[in-house]
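What follows is one structure encoded as structure tokens, with my remarks underneath.
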Amino acid sequence: MPDQKQSLIELLPKIVREGKEEAEKILDNLAKPSRITLQTNELVLPSKDTSGLFKGKAPSIDNDNWLNRLIYGDNLLAMQALLSGDEKSGLPSMRGKIDLIYIDPPFDSKADYRTKVTLPNGDLEQKPTVIEQFAYSDTWKDGTASYLKMITVRLVLMRELLAEKGTLALHIGIQVNHYVRLIAEDIFGKSNFLTEVVWSYGTPSGGRSAGNKIIKAHEYILLFAKNYGQQIYNKEYLPYSDKYIKERFSFIDENGRTYRTRKREDGIIEKQYLDESKGVPLSTVWDDIKQLYSYHLVKRKEEEVGYDTQKPEALLERIIKASSNENSIVADFFAGSGTTGAVAEKLRRKWIMSDIGKPACMIMRKRLIDQNSQPFFYHSIGDYQKEQFSKSEFKTIGSLAQVVLQLYGAMPFPSNDAPPNVGYIKNSKTLVVVDSPNKLTGFNTLKKAQQWRSQFMGGWHKVIVLGWNFETNIGQIISSLNDENLEVLVIPADLLDRLKTKSSYQQLIKSGKIRFSSLQYLTIKPIKIDKSKGETETLNIELDNYVLLSPDALPLSDEDKEKLQKIVTDDPLALIEYWSVDPDYDGEVFRSRWQDYRGNTENDNDPLRVIRQAIIEVPKKEKRKVCIKAVDVFGFESAVVEEV
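For the sequence shown, our numbering gives the first residue as 13, with consecutive numbering after it.
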């Protein structure tokens, strides 16, 4: 008989086995020195009012002081970092410490992950970042089978993160619910399955016709305990309907209180007052909470943050109240618009959120600042390129550098004449240096490149440095060197993903699609200080210019590139999405004590631009370092450090 394509039911044992094996390898590597850690981009001290500076005392960063965490990056890597912990950065291992994990993973392989960017001269459509693209393509490369393997390995790690009294709330669509439930029962144990909730989220309208199918109007929430019977459960009640009250509570006493009567077994009639009744116990069908688009426009505007799959706060409030207590840690590893953290914050829970989408993380950070949340960390995965390099077939940095040199169009030197990461452009006096994916390109690398240019093999006219990761103030470093014959370019972030094998670079060379982009960077005007205020002084910080990498390097259509080029030429600071200030930068942790962002109209009435000037009052100091960080509409970060 000819081979037939296996069904998912036949493939499921293999999917689960491979997912568990991958998870076991991850768990075995947690204690190794090369383990994945979190890189702290920002300690956000929310302060969006016009008076500026965060008023409270900045929290210390240590294991005794919990700080909520927003993590940008692949949740598989984020969970590894949380499981292993990092004592140096004040992050203990979170193994067995999370009371509730809610996840709402994407379950539509045909979803459009493009992001709309609104600029003063119109909207742009940005395709997903390269990291997102590869995550999504890996998730769906073999259709539903790949998706289920992705879920399997993550569910194993989530179980490790859950406390003994913990609960997993798995929000899933009808397309894969049945398969995911089987996998989750295998990982958590069938006896730890709590219930399946049907969220009936709205009444379909004619405009949502499903063609020749019955219209879908519900999703599922699967609830699993880590240990059945030990899980936190706070019983919830819904109000009685008007009809039920009218039919059952038909008596009114002399004080005007509504009640009903019930006869006990011993014949005694008792009164049950409406104002003392808890209501109807919550059941497994939730039809009283609608999707955001079903809300009244005013109510919808209170919650909407511009994210397509955003869930209503009422839904998360119900789940969080039922399965956690005040001060419980709640986590969401497909955080999207950040509803889990926003609601957990209001309910006095601690939270951890992560998402692989940079636009999602930008939305979440603004949303939390907007609701004046408690201070929180904004992390990214430390050494992302280092992690990708460790998975690649390149055993040495030198062999990878040789490939990068050729992709750039440079010639490697004969092996005995130069380090393997240095090459040259034929018929030109130009030297090319490839930095390592295991380090941040900064001042020392650029000075070394200048030395090679002047001394190596009789000297060269120009040197080009190709880097993977950069120190945050790299733009300022380049400006301070003031060297027109030194050029710094960015190696494409997806290159290691595209170089899955050593032979694949030949295809890349033929395609000619590798772009090495210029760096983006921020400049500010000289900081002014007014010291005439007794114990305090006023810092006047004003943005000067923003230089974006070439529009050609961005995933935009030709029409959108033209729109972007006009903004770059006419009003480059209109590209700033968010900027923040640390007036006492210690050189290690950026403590964001003042923020402004597009959409914040408390400082001005322009939702499409940030204000260009921050005037903030700080305690007097003889000397201080001020750090200014900016994020543009595409998620690129820049920083300036100035000593005043």
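Cβ coordinates follow ideal geometry from the N, Cα and C atoms, glycine included.
Hey, out of the options, whose CA is closest to residue i's CA?
i, options, result
"residue 549", "636, 107, 420", "636"
"residue 578", "117, 136, 38", "136"
"residue 680", "47, 553, 586, 318", "Not covered by the structure: residue 680. The range shown for the chain is 13 to 656."
"residue 633", "102, 542, 604", "542"
"residue 89", "128, 38, 44, 53", "38"
"residue 553", "478, 602, 630", "630"
"residue 177", "158, 651, 107, 555", "107"
"residue 229", "210, 451, 238, 505", "210"
"residue 463", "451, 476, 256", "476"
"residue 421", "431, 413, 412, 437", "437"
"residue 447", "224, 478, 282", "478"
"residue 102", "301, 82, 254, 78", "78"
Run through DSSP, which three-state label would residue i get?
i, result
"residue 610", "coil"
"residue 371", "helix"
"residue 644", "strand"
"residue 388", "strand"
"residue 473", "coil"
"residue 104", "coil"
"residue 189", "helix"
"residue 33", "helix"
"residue 138", "strand"
"residue 632", "coil"
"residue 544", "strand"
"residue 586", "helix"
"residue 323", "coil"
"residue 49", "coil"
"residue 98", "strand"
"residue 456", "helix"
Which value, in whole angstroms, describes the spacing of the CA atoms of residue i and residue j?
i, j, result
"residue 190", "residue 160", "11 Å"
"residue 288", "residue 80", "37 Å"
"residue 235", "residue 292", "21 Å"
"residue 533", "residue 91", "31 Å"
"residue 263", "residue 247", "28 Å"
"residue 15", "residue 95", "Bear in mind that a pLDDT of 46 at residue 15, under 50, signals an unreliable position, so the number given afterwards is only what the model happens to contain. Answer to the nearest angstrom: the Cα atoms are 42 Å apart."
"residue 206", "residue 240", "8 Å"
"residue 600", "residue 654", "15 Å"
"residue 590", "residue 58", "13 Å"
"residue 315", "residue 649", "27 Å"
"residue 170", "residue 498", "47 Å"
"residue 455", "residue 42", "32 Å"
"residue 574", "residue 557", "20 Å"
"residue 480", "residue 460", "17 Å"
"residue 352", "residue 44", "32 Å"
"residue 640", "residue 624", "12 Å"
"residue 536", "residue 594", "14 Å"
"residue 323", "residue 425", "56 Å"
"residue 608", "residue 390", "16 Å"
"residue 583", "residue 40", "51 Å"
"residue 167", "residue 129", "33 Å"
"residue 652", "residue 35", "40 Å"
"residue 29", "residue 21", "14 Å"
"residue 350", "residue 566", "26 Å"
"residue 495", "residue 488", "12 Å"
"residue 152", "residue 606", "41 Å"
"residue 244", "residue 571", "54 Å"
Going by DSSP, what residues sit across from residue i in a beta bridge?
i, result
"residue 283", "273"
"residue 293", "249"
"residue 603", "55"
"residue 626", "553"
"residue 298", "211"
"residue 594", "639"
"residue 424", "435"
"residue 365", "82, 344"
"residue 380", "Looking at the DSSP assignment, residue 380 forms no beta bridge with any residue, so it has no partner."
"residue 649", "643"
Would residue i pass as a contact of residue j if the rule is Cβ separation under 8 Å?
i, j, result
"residue 468", "residue 443", "yes"
"residue 164", "residue 115", "no"
"residue 250", "residue 180", "no"
"residue 342", "residue 111", "yes"
"residue 445", "residue 433", "yes"
"residue 368", "residue 53", "no"
"residue 118", "residue 387", "no"
"residue 56", "residue 377", "yes"
"residue 284", "residue 305", "no"
"residue 502", "residue 490", "no"
Against chain C, with Cβ distances strictly below 8 Å, would residue i count as a contact?
i, result
"residue 227", "This model lacks chain C altogether; it includes just one protein chain."
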